[in-house]
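Residue numbers (full-length UniProt numbering): 1 to 399.
The next block holds one structure in the form of structure tokens; read it before the comments.
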Amino acid sequence: MLLYLFITSFTFLLFLKLLLSLKPLPPWANDVRLLSHVFWKELVNLSLLQKTLLKSLCITRFYSVVSLKTMALTSNTNVQKNEDGTGLMSILDLPELALDCILERLSPAGLRSMACVCTSMRERCTSDHLWEKHMKRKWGRVIDPAAYREWQWHLATRKDFWSCKLNNRKGFMKLISMFSPFSWIKSKINADSKQNSPLPVDSIMFWYLILENGRFWFPAQVYNRENGHVGFMLSCYDADLCYDPGTDTFLARYAPHGRRAIAIETNVPWERLRAPPVDTSPYALHVSDCLNDLCPGDHIEIQWRRNKEFPYGWWYGIVGHLESCDGNEYKCRCHSSDTILLDFHQYCLSSRWRQTTIDRKDHREEGNEADGFYGGIRRLYNNEEISRWKQLWPNEILE
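And the structure:
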């Protein structure tokens, strides 16, 4: 018993000695213990937050998948409803008249954009009846049947060229698909080829775009050719024109005058252009059908050329009174005379170009190498034509 007590007391005293020999803790020990407690508390909270976020993400993903499936089912249902005519409407579900009215109000750029939507809209937006209006609005004042014949001849001679050019990209993509191991590439190319089939070269839309891009020369007439050269004032000559989309002007190429080379004029504005009023070659005599009706004061255009190797140009003039007439409208008998006097008021009275006379009954080409040759006459009935000539009147009287 005493031995047990001794052993227990000795052990207690030894433990007490060791405990008293330990150094006291530094002042920040309590803070560390507190920090450790806070750290573990925050770590536990972070773990809980992470679990909560994971759960919410899983729930969100689940509902997103469900929503997508629901949308897909809804869209399929809408498609089925649209096919049955009982669901939501698209623009293709509109009545034909309403859809045509919408398309007719679109600009050329709008029609081109709508043509890329789908195959059905492409067929509608490239139809001739829609582009005919735009063709007349922009090109009607410079395009005539002669230009259309030139376009048809151009297509006939270069049909293979246009077909090859339009199908070049399509053929290249098909060539790639032949060596492609991926079936989805081939199916994509086939789908695109159906939707992006080449535009028919004989369509009005194709002709409009060719003109708009300046890739076609067409015949027309130019007022005051060669930038208003004094030798061509108040005249209108035939030329081949090509549109310049960058400047909204034209390039004019005139027929050669005898040994003179082809003259080319740039930056010709719209105001100086017109479609030929009569279908007569610039080297042919126009058959005059208005001679019996011409009276003093009538506005006319007459063919004139310097010599027989030159092409005709149309020159503006006015029917005047004969020398035997005093100009009194109540006593004037000029309209019953076989001689018609033509006045060109842009020239001074002393100029040899001021006046000329023609035979009313038997008019042919008249003139000589010195004064030039006068050809056919056309009377101007349209006030717009007369007004245009007056707008081109020179600032000074010519000699």
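Each residue gets a CB set at the ideal place from its N, CA and C atoms; glycine is no exception.
Check, Outcome
"Three-state secondary structure (DSSP) at D359?", "strand"
"Roughly how many angstroms separate the alpha carbons of A263 and D202, rounded to a whole number?", "31 Å"
"Looking at the strands, I want to know which residues DSSP matches up with T339.", "D359"
"Which stretch, first to last residue, makes up the beta strand (DSSP E) that contains L241?", "235-244"
"Closest to G317 by CA distance: which of E150, E226, E385 is it?", "E385"
"Assign Y316 to one of three DSSP states: helix, strand, or coil.", "strand"
"Nearest to R215 by CA position, among R225, N227, E226, D244, is which residue?", "D244"
"Is W353 helix, strand or coil when you go by DSSP?", "coil"
"Would you decide whether A109 is buried or exposed? Buried here means 16 or more other CB atoms lie within 10 Å of its CB.", "exposed"
"According to DSSP, is V79 part of a helix, a strand, or is it coil?", "The pLDDT assigned to V79 is 42, lower than 50, so where the model puts this residue is not dependable; a value taken from the coordinates is nonetheless given after this. Three-state DSSP puts V79 in a helix."
"Would you please state the rounded distance, in angstroms, between the beta carbons of D238 and Q221? I believe it to be under 8 Å.", "6 Å"
"Could you check the C-alpha separation between W389 and S127 for me, to the nearest Å?", "37 Å"
"What span of residues does the beta strand (DSSP E) with Q303 cover, start to end?", "299-305"
"Using DSSP with H/G/I as helix, E/B as strand and the rest coil, what is A191?", "No answer about A191 holds up, because its pLDDT of 46 lies below 50 and its placement is not dependable."
"When burial is assigned at 16 or more other CB atoms within 10 Å of the CB, is P95 buried or exposed?", "exposed"
"Can you say whether A370 is buried or exposed, counting buried as having 16 or more other CB atoms within 10 angstroms of its CB?", "exposed"
"Grouping DSSP H, G and I as helix and E and B as strand, with all else coil, what is E265?", "strand"
"Could you check whether the stretch 267-286 touches the stretch 339-359, counting it as contact only if at least three pairs of C-beta atoms, one from each stretch, sit closer than 8 Å?", "no"
"How is I397 classed by DSSP in three states: helix, strand or coil?", "coil"
"Are there 16 or more other CB atoms within 10 angstroms of the CB of V319, so buried, or fewer, so exposed?", "buried"
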